[in-house]
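Data block below; observations after.
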Amino acid sequence: EPEVTQTPSHQVTQMGQEVILRCVPISNHLYFYWYRQILGQKVEFLVSFYNNEISEKSEIFDDQFSVERPDGSNFTLKIRSTKLEDSAMYFCASSGQSEQFFGPGTRLTVL
Amino acid sequence: AQSVTQLGSHVSVSEGALVLLRCNYSSSVPPYLFWYVQYPNQGLQLLLKYTSAATLVKGINGFEAEFKKSETSFHLTKPSAHMSDAAEYFCAVSDPGGFKTIFGAGTRLFVKA
Chain Y
1 EPEVTQTPSH QVTQMGQEVI LRCVPISNHL YFYWYRQILG QKVEFLVSFY NNEISEKSEI
61 FDDQFSVERP DGSNFTLKIR STKLEDSAMY FCASSGQSEQ FFGPGTRLTV L
Chain U
112 AQSVTQLGSH VSVSEGALVL LRCNYSSSVP PYLFWYVQYP NQGLQLLLKY TSAATLVKGI
172 NGFEAEFKKS ETSFHLTKPS AHMSDAAEYF CAVSDPGGFK TIFGAGTRLF VKA
């Protein structure tokens, strides 16, 4: 069964460093998403992406964040200058015409 | 705007007892509704989903949920709790286009021996 994959599973970085989280969506899906879950809290929508542009973003998704589909298979989330409060689990998701399928997540730890 | 409310941040049941996790939603369009389970330090596993077909939805691990439009509810049940059911459960809603999913705050289920 096709699935969304994410790399790395765990990323540790120093505050102020840039990080790129990678996702490979399901191959025939056209809509892509990033979500964030701070430890012990609920899953929060960050951004949706369709046709090579952002279709919706939340207030969390500020100028520090960017998304890109650099090739036909990857979908990336970049955080330019990480802060301590960016420490969270980041989930990628993709969808066709109905529900979203979530990846296993990348745990980002900012020291 | 869509929203989800999960009643009870913690629910504790004895092994073998009925599990009932409550979820109410708000949506201006007919929604898609989901229950996810999350074990410690793991990702989200889809338990079941409602996408406008049968109102009683059966999922994995013996869970089921009933969509009640009149009550705007989508409560999750399991007749007999097992120790392995102890986890965090999230109710979620999306519009039929699936452009984003809104999650509830989660309910942590404890199962006592």
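For the protein sequence lines, the chains are Y and U, in the order given.
Just so you know, we're using the numbering used here here: the first sequence kicks off at 1 and counts up by one.
Just so you know, we're using the numbering used here here: the second sequence kicks off at 112 and counts up by one.
Note that the Cβ used here is the ideal one computed from N, Cα and C, for glycine as well.
Check	Outcome
Mind checking U/T166: buried by the 16 CB within 10 Å criterion, or exposed?	exposed
Name the chain Y residues whose beta carbon is nearer than 8 Å to that of U/G170?	Correct list: empty, because the minimum Cβ distance to chain Y is about 13 Å.
Would U/A216 count as contacting chain Y if we go by Cβ distances under 7 Å?	yes
Listed in chain order, which residues of the stretch 88–102 of chain Y have Cβ atoms closer than 9 Å to some Cβ of chain U?	M89, F91, A93, S95, G96, Q97, S98, E99, Q100, F101 and F102
Is the CB of Y/V43 under 7 Å away from at least one CB in chain U?	yes
Work out the CA separation of U/T116 and U/V122 for me, nearest whole Å.	15 Å
For Y/K42, which beta-bridge partners are listed by DSSP?	In DSSP, Y/K42 forms no bridge with anything.
Please determine, among Y/K78, Y/E18, Y/P70 and Y/Q41, the residue with the shortest C-alpha to C-alpha distance to Y/V47.	Y/K78
So, is U/I89 buried or exposed, given that buried needs 16 or more other C-beta atoms within 10 angstroms?	Lying outside 112 to 224, the shown extent of chain U, residue 89 of chain U is not represented and no answer is given.
Measuring only the C-alpha atoms, how far is U/A224 from U/M194?	7 Å
Give the range of the beta strand (DSSP E) segment to which Y/E53 is assigned.	E53 to K57
Report the partner residues of U/Y161 according to the DSSP bridge assignment.	U/L144
Am I right that Y/R22 and Y/T82 are in contact with their C-beta atoms under 8 Å? What's the rounded C-beta distance?	Between Y/T82 and Y/R22 the Cβ distance is about 16 Å, and since that is not below 8 Å, they are no contact.
Does any CB atom of chain U fall closer than 7 Å to the CB of Y/G105?	yes
Under a CB-based cut-off of 7 Å, is Y/S66 close to chain U?	no
Considering only the beta carbon of each residue, do U/V204 and U/L144 sit closer than 7 Å?	yes
Is the stretch 91–105 of chain Y touching the stretch 1–14 of chain Y in the sense that three or more CB pairs, one from each, lie closer than 8 Å?	yes
Among Y/W34, Y/K42 and Y/S9, which has the Cα closest to the Cα of Y/I54?	Y/W34
In chain Y, which residues lie with their C-beta within 8 Å of the C-beta of U/L155?	V43, F91, F102 and G105
Give the residues of chain Y in contact with U/Y143, contact being defined as C-beta atoms less than 8 Å apart.	S98 and E99
Nearest CA to the CA of Y/P8: which residue from Y/V19, Y/M15 and Y/Q14?	Y/V19
Please list the partners that U/F174 has in chain Y, where partner means a Cβ-to-Cβ separation under 9 Å.	Result: empty, since nearest Cβ-Cβ is about 17 Å, beyond 9 Å.
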